[in-house]
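Below is one structure; the comments refer to it alone.
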RNA sequence: GACCCCUUCGUCUAGCGGUUAGGACACAUCCCUUUCACGGAUGCGACACGAGUUCGAUUCUCGUAGGGGUCGCCA
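If you want it as structure tokens, here you go:
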């Protein structure tokens, strides 16, 4: 039975690197019917807060990385907060003491005596990596105040929680021999390691907090990304599935996942490509799903949605024009209000020719006489009005678009008119004639 | 400084001794088109360097350079 874990320290917003580490663990567990565990490594009490932990949980939930054991999920190997496992660590320390593998310094810190033998890490990604007998000072595993250090609790918990595999960032590779030394001291078999490459900034520097695109909530949730798109992009940063396409669902990625295909070279983060994935998923959504996703961003911009069906159609009509949900309000705001501003180039266009007002009145006249108000009938009416005025529909469309939306770009003109309805369409034309032309 | 990992278009990558070195993003041009987009087509663009092994190296080995990481009483 495969058991893997994601073991973050609660530092606030989930970092993309951490998110991807969690993602690979999750992928491996789901692919093999294993168990995915969330363990909070909060041994450094000074800087770990409950609020910081909420950020981690929120980020994981948003990415859809559900855990089988851990905070809120429970499980037979808890507690899943290291700050609550002191008795277990004390017991393990006692074993080391009994075996003469530790010693206490004058100030009370406890150190683990390295075996000082060559140690080989068998890594799924990096292959066998052998470290020569170390010359480093013995490692501190307990502070004078009785709290324990990462390397120790990490190993103890991996033993206690029966981890079979450990997927973690490559920044841990250089320390892994210390962990194996500890596993050996406890007579335990180390898990199989897989050190995944790091995510770098576009300039090649290490990506850390504050760098663009580094925080799940701040850079993705709030910026209008879709979880599936970020999931897809992150999975393919350092791993290439054997598929003939790049846009893949969560289920497909689970099916395709193979840790031996994970690259060993670091990858630079490309926000452009991440947005491209987002655009792909956006376009594949149904009108209803798209509205659900866009609603908070629309409401935060003050748009009042009174009619869900109309709103869904409006949002759907601009879906291939945006790549982020945050861009949607600017493309659809006029569907939800009649006091939209006329952009500068739009009013210039309307004022440019004196005959424009006559053309708009002519269209309004035809609209007023229509028996039914469908997208097709509206479209036919516009063509009829153009014919009556001896101009091409292509000359009339931009004017109507300007009047109905205040913008020079957007979905089809007949789509706009149809969705806002006949009454609103006529009011909009009147307003444009009164205020602009 | 020591040790570890890494090195194909600007970016993500395919390649696992013989290829016109393929794809995606980005960029450029064209087509489509009532706008903005989408879509389609085309173009631009890479094997870090030096030895060696080999009939033949992007591919194997070694070295150099460059990038990243670790060496905490942080995780």
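Numbering (my numbering), first residue to last: 1 to 437. Just so you know, even glycine gets a beta-carbon here, dropped at the ideal spot from N, CA and C.
Exposed unless 16 or more other CB atoms sit within 10 angstroms - verdict on residue i
i           : result
residue 271 : exposed
residue 92  : buried
residue 407 : buried
residue 10  : buried
residue 148 : buried
residue 414 : buried
residue 158 : buried
residue 450 : Nothing in the structure corresponds to residue 450, since the chain is present only between 1 and 437.
residue 103 : exposed
residue 15  : buried
residue 251 : exposed
residue 145 : exposed
residue 354 : exposed
residue 122 : exposed
residue 388 : exposed
residue 357 : buried
residue 263 : exposed
Whole-angstrom C-beta distance between residue j and residue i, which should lie under 8 Å
i           : j           : result
residue 165 : residue 2   : 6 Å
residue 349 : residue 398 : 7 Å
residue 38  : residue 81  : Contact flag wrong, Cβ pair sits at about 10 Å.
residue 508 : residue 169 : Since the first residue of the chain shown is 1 and the last is 437, residue 508 is not available in this structure.
residue 312 : residue 296 : About 15 Å; that fails the 8 Å criterion.
residue 96  : residue 185 : 6 Å
residue 447 : residue 346 : The structure shown has nothing for residue 447, since the chain only spans 1 to 437.
Opposing strand residues paired with residue i [DSSP bridges]
i           : result
residue 38  : 6
residue 195 : 168
residue 239 : 262
residue 268 : 200
residue 148 : 142
residue 110 : 104 and 142
residue 120 : 130
residue 209 : Answer by DSSP bridge pairing: none, since residue 209 is not bridged.
residue 81  : 40
residue 69  : 37
residue 224 : Paired residues: none, contrary to the question.
residue 15  : 215
Alpha-carbon to alpha-carbon, residue j and residue i
i           : j           : result
residue 368 : residue 422 : 8 Å
residue 225 : residue 87  : 43 Å
residue 326 : residue 294 : 8 Å
residue 432 : residue 405 : 10 Å
residue 249 : residue 232 : 7 Å
residue 204 : residue 198 : 11 Å
residue 298 : residue 228 : 21 Å
residue 331 : residue 320 : 11 Å
residue 442 : residue 68  : In the structure as shown, the chain starts at 1 and stops at 437, and residue 442 therefore has no counterpart that could be examined.
residue 279 : residue 376 : 28 Å
residue 188 : residue 244 : 42 Å
residue 386 : residue 380 : 10 Å
residue 235 : residue 26  : 11 Å
residue 384 : residue 24  : 59 Å
residue 300 : residue 85  : 43 Å
residue 359 : residue 393 : 11 Å
residue 382 : residue 255 : 51 Å
residue 94  : residue 284 : 58 Å
residue 434 : residue 202 : 51 Å
residue 273 : residue 230 : 10 Å
residue 17  : residue 206 : 10 Å
8 Å Cβ cutoff met for residue i and residue j
i           : j           : result
residue 130 : residue 83  : no
residue 134 : residue 109 : no
residue 363 : residue 419 : no
residue 29  : residue 57  : no
residue 78  : residue 19  : no
residue 151 : residue 178 : yes
residue 138 : residue 114 : yes
residue 125 : residue 195 : yes
residue 275 : residue 200 : no
residue 240 : residue 223 : no
residue 322 : residue 291 : no
residue 128 : residue 120 : yes
residue 216 : residue 62  : yes
residue 12  : residue 52  : yes
residue 338 : residue 208 : no
residue 76  : residue 40  : no
residue 247 : residue 342 : no
residue 212 : residue 237 : no
residue 417 : residue 391 : no
residue 167 : residue 21  : yes
residue 153 : residue 89  : yes
residue 31  : residue 277 : no
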